[in-house]
Structures are given as C-alpha cells and as structure tokens.
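Trainee: After the structure tokens below, expect a handful of questions from me.
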Amino acid sequence: MVRNLATTLSVIIHTNRKHRIQAYISIALVLMCYVAGLVASHYLYFQKNPRIDQTDFNPALMDSSVRPDGDKLTNIVIPSATDSDAMVECALQLYNLANYNLQHDSKVAYAVNTNTEVLKVATGGIRYMVKNNNELFKADYFYVPDSGIASSFAKNASPEYTNYGYRYYYNDSQKVGREQKAKDLSYAIQSNGTILFGVNWNDLYYDNNITKTPTEFVSSNKDYKYYNYVWNKETVLSATVQYFEDKGYYELVVEIDATNEDAVKDGLKALRDGAGDEEAYYTKIVETVQIWDNGRYKEFNTMDSWASPHIHGMKRIGTTYAANDYRTTFYYDDYSLNISNYQYAQEFINSLS
5 MVRNLATTLS VIIHTNRKHR IQAYISIALV LMCYVAGLVA SHYLYFQKNP RIDQTDFNPA
65 LMDSSVRPDG DKLTNIVIPS ATDSDAMVEC ALQLYNLANY NLQHDSKVAY AVNTNTEVLK
125 VATGGIRYMV KNNNELFKAD YFYVPDSGIA SSFAKNASPE YTNYGYRYYY NDSQKVGREQ
185 KAKDLSYAIQ SNGTILFGVN WNDLYYDNNI TKTPTEFVSS NKDYKYYNYV WNKETVLSAT
245 VQYFEDKGYY ELVVEIDATN EDAVKDGLKA LRDGAGDEEA YYTKIVETVQ IWDNGRYKEF
305 NTMDSWASPH IHGMKRIGTT YAANDYRTTF YYDDYSLNIS NYQYAQEFIN SLS
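Each residue of the sequence shown is one higher than the one before, counting from 5 in this note's numbering.
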C-alpha cells in the first residue's frame, strides 16, 4: 500500500492544481478506509475474547513487606564459604524449615510471575495461591502473544499448556473441592502495571471434583515442598547462604543438578508437555530464595534453562534452547489473605454450596 501511495504522489506532483486536489481527497479517503479497517479488526479481535470481569481485584494492594508472625530463629549457623558441604546442609536446613512452616501455618499467600523465553520470544503467566485457615484457593493464567513466533509455537503445541485459565478451591473442614481449566483467556495490563484476566468458564478442558486433601494442609499426611525440584545432598551442586540482619531475612542461592533424574522428575513432565517434545531436558537450574529469619518464605525465584531437540515437532530448526524465569513473592497481609478479593474466586466457591 505504501509503495502505491508513493507512486500516486509522484504522479500528483506533475498534474495541475484541480487534479491534485481531487487526488489528495482520494488518498485521504483511502487512508480513512484503511484505518477504519484496522480499528474494526482490532475491535472484533477483542470482542471474540472473554470479557474481563471482577476488575475490583488490585494486585498492587498486595503488600509483601508485611512480616509474618513467628519467633526469630536462633539455631542457624552459617558456615565458612570454603566449607561447601556445610553450606549445602545450612541451605537444606532453612529450606526444609520454610516448607514445614508453609504447610503448618494457617494463613499464607503467594503470587508467581512466570516468563518463558523461546527463540528470544517471551510468553508469560501469573499464578496465585491463598490458604486461609481451612480454605485453599489457587488460580493460574498463562498467555502467549497473539501474533509472531510465540503464537506459531502455541498453534503447534497443545493449547491446554499455552493459553488457559485455571482455578482451584478446597475446603479442608468440609472435605470438598473443585478445579476447572478453561480454554479461552484474554488479558489487559492496567495503568498501575498489573494484569487482569478474562476467562470463559463455560468452555473447559475439565471440571473435576477434588477428592484428595492437598499437601498444603497438614491433614494430607504428606510432606510438602515448594516448587518442582528436589533439594537434598545428592541433588544440590552448590549453595551459598547469607543473612541480612538489618532486613531480617536469609538469602540462599542453590544450583540443582539438572542431569539428576531424581532432582527434576516432578518438573520434567510439565516441561515436556509445554514444549511438545518428549525429549526436552533441563540444562541448568538455579534457585534464589529469601526466607524471613523466623523461618517463613519471603521470595522464591527459579531460573531454569532447557533444550528441546524438536520443539513442538519442528525438527527442521534443530535443538532449541530456552529459559523459564519463575518469581514467587509470599504475602501475609490482610488483603492478600482474603480469598474473595481474587478474580473469579467467590463465584467459584458459591458454586460448591
């Protein structure tokens, strides 16, 4: 179109004034029609996506500076940096304590911001978890760009792993729960930088009743660990532990052995499902964890690199190298602990009564 307009303009310059005016009017009409077409297609695109409801939820009001209740730890001794084995043991001590408290504490919430980069193209997701006494609510939203390389990958992969909305609720006192995974998802970035989502909960991949007590509750009679990788003396390659006394937390930097099957088995299935490749594998895993000095999680950030010999069946491009960046922030403030504040939570709970 631009080339045609340039040709038309060169002709106009060499015509008389009357013809030039008529030509300018013609060009203006063409441009108006072109812009109108763009607006119409933009409007129709958003019309076909789920409407964003329950916009009262404001993630910016979640306050990660609120320190959870609990006595300051007195039994943590950080070893010399030259004693690598003792440093790993110290990291495991703090990690296991934080997992214990996450399961046994009655009130805690977290939000996970996910960024996945494939061939320099980023996709994203946000996950929420809230445990408030006997109630547990989870939400998970994953989205890809609507055009470009990432969109092409999404079309080749199962859409169940590339564009969806998910919600989960369980009441431990009533022993009743439900989970849903929806096919259609839209999103909008708010003026404060947070993201809200539109989900069509009438078009689902599945709608299941929950019969097993989730491990977030002590009543599950199972050990709980946060995230998908196994931490122990055999799976941890290296660790460092620092204590920031003025800020009141420990920071752990741990590298997990990406080649150890026991270390990655819980995350490998999800990785391969998302990549659409049964041969996808991890190449490096580093986790940076902040734990309040009363033994409660503050932040948990995971950076894992992985490779796929034929991502989504596209063997022609050879091995693809990619990275996942998961940043978890834990919350203990009143706003974050109120399940009814979250999008699509209260209506879901009401549907069980």
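Just so you know, even glycine gets a beta-carbon here, dropped at the ideal spot from N, CA and C. This structure is a prediction, so every number in the text was calculated from the model and none was measured.
Out of Ser309, Met307, Thr292 and Asp308, which one is the CA nearest neighbour of Tyr301?
Mentor: Here residue 301 corresponds to residue number 297 of the sequence shown, with the count starting at 1. Closest option to Tyr301, Cα to Cα, is Thr292.
Trainee: Apart from the five residues on each side of it in sequence, which residues of its chain come closer than 8 Å, Cβ to Cβ, to Val70?
Mentor: Stepping through the sequence shown from its first residue, residue 70 is reached at position 66. Cβ within range, chain order: Tyr335, Tyr336 and Asp337.
Trainee: My assumption, with CB atoms under 8 Å, is that Tyr228 sits in contact with Glu220. Please give the rounded CB distance.
Mentor: Reading the sequence shown from its first residue, position 224 is the one you call residue 228. Reading the sequence shown from its first residue, position 216 is the one you call residue 220. Rounded, the Cβ-Cβ distance is 7 Å, consistent with contact.
Trainee: Write down every uninterrupted run of the alpha helix (DSSP H) in the segment 259–287 whose length is 4 residues or greater and which is fully enclosed by it, in chain order.
Mentor: Taking only runs of at least 4 residues, the alpha helix (DSSP H) segments lying wholly in the segment 259–287 are 265–279.
Trainee: Rounded to whole angstroms, what is the Cα-Cα separation between Ile358 and Ser88?
Mentor: Nothing in the structure corresponds to residue 358, since the chain is present only between 5 and 357.
Trainee: Tell me, please, whether the segment 130–147 touches the segment 101–120 by the rule of three or more beta-carbon pairs shorter than 8 Å.
Mentor: The answer is yes - the segment 101–120 touches the segment 130–147, with three or more Cβ pairs under 8 Å.
Trainee: Compare the beta carbon distance of Ala95 and Val258 with 9 Å and say whether it is the shorter of the two.
Mentor: Numbered from 1 along the sequence shown, position 91 holds the residue referred to as residue 95. Numbered from 1 along the sequence shown, position 254 holds the residue referred to as residue 258. Closer than 9 Å, so yes.
Trainee: With DSSP run on the structure shown, which of helix, strand or coil describes Leu208?
Mentor: Looking up residue 208 in the sequence shown gives position 204. Leu208: strand per DSSP, three-state reduction.
Trainee: Run the CB neighbour count on Asp211, radius 10 Å, all protein chains shown included, and call it buried at 16 or more, exposed below.
Mentor: Taking the first residue of the sequence shown as 1, we reach residue 211 at position 207. By the 10 Å Cβ count, Asp211 comes out exposed.
Trainee: For Leu98, does the three-state DSSP call read helix, strand or coil?
Mentor: To locate residue 98, count along the sequence shown from 1; it is residue 94. Note: Leu98 maps to helix in three-state DSSP.
Trainee: In the DSSP assignment, what residue or residues form a beta bridge with Met307?
Mentor: Along the sequence shown, read from residue 1 onward, the residue named residue 307 stands at position 303. DSSP, once it has assigned bridges, lists Val290 and Asp329 as partnering Met307.
Trainee: Using only the alpha-carbon positions, how far apart do Gln194 and Leu200 sit?
Mentor: Taking the sequence shown and counting its residues from 1, the one referred to as residue 194 is at position 190. Taking the sequence shown and counting its residues from 1, the one referred to as residue 200 is at position 196. About 7 Å.
Trainee: Measuring alpha carbon to alpha carbon, tell me which of Ile295, Met66 and Trp310 ends up nearest Thr198.
Mentor: Here residue 198 refers to the residue found at position 194 when the sequence shown is read from its first residue. Cα-wise, what sits closest to Thr198 is Met66.
Trainee: Taking its Cβ as the centre, do 16 or more other Cβ atoms sit within 10 Å of Ser45, making it buried, or is it exposed?
Mentor: Along the sequence shown, one-based indexing puts residue 45 at 41. Any reading at Ser45 must be qualified, since the residue scores a pLDDT of 34, below 50, and its modelled position is unreliable; no value is offered.
Trainee: Distance check for Arg331 and Lys251, CA to CA, integer angstroms please.
Mentor: Here residue 251 corresponds to residue number 247 of the sequence shown, with the count starting at 1. Here residue 331 corresponds to residue number 327 of the sequence shown, with the count starting at 1. For Lys251 and Arg331, the distance between alpha carbons rounds to 20 Å.
Trainee: Measure the alpha-carbon distance for Asp75 versus Ala102 and round it to whole angstroms.
Mentor: The residue you call residue 75 lines up with position 71 of the sequence shown. The residue you call residue 102 lines up with position 98 of the sequence shown. Using only the alpha carbons, I get a separation of about 13 Å.
Trainee: Do you know how far the Cα of Ala274 is from the Cα of Phe352?
Mentor: Counted from its first residue, the sequence shown places residue 352 at position 348. Counted from its first residue, the sequence shown places residue 274 at position 270. Their Cα atoms are separated by approximately 26 Å.
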